[in-house]
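Heads up: the structure comes next, in structure tokens.
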Amino acid sequence: MKVGYMQSRRILLLIFAGITIMAVVMVVVLLRITRIEEDELGQPVVIPTLPQQVSGANDDPLESDQHWLMPDSELINSPTAVGFDVESFIRGSYLASFEQEYQKENFTGLAMVERTAIGHSIHPKLLLALIEYQSGWVSAKNEAQLRHASGIGLENSPHEGFYQELYWAADRLAYGYYARRVGALNSVGLRDGGMVSLPEGMNAGSAAVFYFFSLVCDTPCWAEAIEDNGFANTYLAMFGDPYDVAIEPLLPPDLQQPAMQLPFERGVIWSFTGGPHPAWGNGSAWAGLDFAPPKEVLGCVPSDEWIVAVADGSIVRSELGLVIQDLDGDGIEQTGWAVLYFHVATENRIAAGTKVRAGDRIGYPSCEGGFSTGTHLHIARKYNGEWIPADQDIPFNLDGWISSGTGSSYNGILQKNGQSVEAVDRPDEKNQIGR
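Residue numbers for the sequence shown follow the working numbering, beginning at 5 and rising by one.
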């Protein structure tokens, strides 16, 4: 069997309870199980544990023949996405002609893909390849040519339309990626009860794709999707070998956060209301922190306290509820460090294209842009498109206040010179912080 761009020389045997040895599904994906025997009930038994990725004289993944399914930089909306024109690529397709009303606004297929890719920071090529593999919406010219009415290929979809399905897919891809990054995704469960262990050496981008298909597939469907003539072949036909353009590693091993200050003006006391939690949606890295301005009334009330830039840079996006600041000077969100300021009010919100210095005014905190129970700022960091957890190897450092988490979303502490501030979801003596 030809293995396509994966260039695999190892075999994965998926073992599912209740299936005899003759029914074991063999899928080429870079694993090797050295020996399988039957127990007294005729069930397949794996004798050794799954090995780690084999290393050789040449450990450079771009030079070896041990590629995984999808490099991290082609799963994340990374520097390799810069310049990719979604509009030109889908021109003339059913996806390009598709429109959907969402929250009283009309969106085209193009807008849905672009907004989902940039919001979740998932590579637009990956999203398009998934859409094509699952439904044929990219190659089809009209509805009659579709392989599936659902753009993501969901059976009995609980979602109300394609936009919601695409949002869900991107969120689940993000979950698979970031869970793998922190060692929390070591196996995937299929829809018919099958379980597949992931090898220690598998990268996060590949694990995310495996995880996505586990959510929409039973055993035969999953096996077909991840073998060389499945999703990988669709991606290869659309965009070529992803390893030809991959950036590895996506995060430099010596990466450090540049100097950043607290995102509010000197002399004003804010509340630290949210420790590490998802940067975007539910599935992304716990890269976000929340701060609420001083106020006498809880809830979504106007505030005239300013959010300020945490560092020098330029504003690359300014739209409903959010501002994105680029810190490396190239004006591109997917390269280097970028900062998300979320729930920024429309009134007096800084314009895209503005160059700022640390401490310059960004806008007012609000509830705009997404679900919120109270006026606040949600802030998060990205590097090369990847959300950076607020409490892992590169914790948030704001004026020397270092973020740490507790393992529970939204709980956390900021510490500086022996002082600590605890995240509490309302004004409290434990969470008061100022510059």
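Every residue gets a Cβ at the ideal spot worked out from N, C-alpha and C, and that includes glycine.
None of the values given here were measured: they were computed from a predicted structure.
Taking C-beta atoms under 8 angstroms as the contact rule, V186 and L202 fail to qualify, at a distance of about 14 angstroms. Shown here, S408 sits in a strand according to DSSP, grouped into three states. The continuous stretches of beta strand (DSSP E) do not include Y247, and DSSP gives it neither H nor E.
The stretch 108-173 is shown to contain whole beta strand (DSSP E) runs of 3 or more residues at 109-112, in chain order. Excluding residues up to 5 positions away in sequence, L194, R195 and D196 lie with their Cβ nearer than 7 angstroms to the Cβ of D222 in the same chain. Cα atoms of W284 and G123: separation of roughly 7 angstroms, rounded to the nearest angstrom. Ranking A115, L134, A100 and Q261 by CA distance to the CA of L331 puts Q261 first. Spatial neighbours of A178 in its own chain (CB-CB distance under 7 angstroms, excluding positions within 5 residues in sequence) are listed in chain order as H124, I126, G285, G287 and S288. In the displayed model, I383 falls within a strand according to three-state DSSP. About 19 angstroms separates the Cβ atoms of R321 and A362, ruling out a contact at the 8 angstroms cut-off. Secondary-structure assignment with DSSP links V192 through a beta bridge to V200. Under the DSSP assignment, L79 falls in the alpha helix (DSSP H) whose first and last residues are D76 to L79. The residue among I354, Q329, G416 and L114 with its C-alpha nearest the C-alpha of F400 is G416.
DSSP places V428 outside both helix and strand once states are collapsed to three, so it counts as coil. Minimum Cα-Cα distance from A133 among the listed residues T358, A115, G234 and R119 corresponds to G234. Residues G113 of the same chain have their beta carbon placed closer than 6 angstroms to that of F102, with the five preceding and five following residues left out of the count.
Listed as beta-bridge partners of F276 by DSSP are F295.
If you draw a straight line from the Cα of V312 to the Cα of F375, it comes to about 22 angstroms. The DSSP-derived three-state label of L402 is strand.
By the neighbour-count criterion, in which 16 or more other beta carbons inside 10 Å mark a residue as buried, D89 falls on the exposed side. If the five residues before and after W310 are omitted, its C-beta is found closer than 6 angstroms to the C-beta atoms of E269 and R365, all from its own chain and listed in chain order. Going by C-alpha positions, L150 is about 32 angstroms away from G389.
For the stretch 308-392, the continuous beta strand (DSSP E) assignments of 3+ residues that do not extend past its boundaries occur at 317-323, 325-330, 341-348, 365-367 and 381-387, in sequence order. Residue range A208 to V220 is occupied by the alpha helix (DSSP H) that includes L219.
Shown here, F268 sits in a strand according to DSSP, grouped into three states.
Here DSSP, grouped into helix, strand and coil, assigns G205 to coil. Non-local C-beta neighbours of W172 in its own chain, meaning closer than 7 angstroms and more than five positions away in sequence, comprise H163, ordered along the chain.
The Cβ atoms of I392 and I383 do not sit closer than 7 angstroms to each other. L99 sits in a helix when the DSSP states are folded into three classes. Its Cα nearest to that of T238, the residue W141 stands out among P282, S275, W141 and A296. Look at the beta carbons and you see the stretch 76-88 touching the stretch 242-255: at least three pairs across the two are nearer than 8 angstroms. Taking every protein chain shown into account, the CB of V314 has 16 or more other CB atoms within 10 angstroms, so this residue is buried.
Between L130 and V117, the C-beta gap is not smaller than 7 angstroms, which leaves the two residues out of contact. Under the three-state reduction of DSSP output, E105 falls in the strand class.
If you check the CB distance, I135 and G155 come in under 7 angstroms. In the DSSP assignment, L259 falls outside any beta strand (DSSP E) and carries neither an H nor an E.
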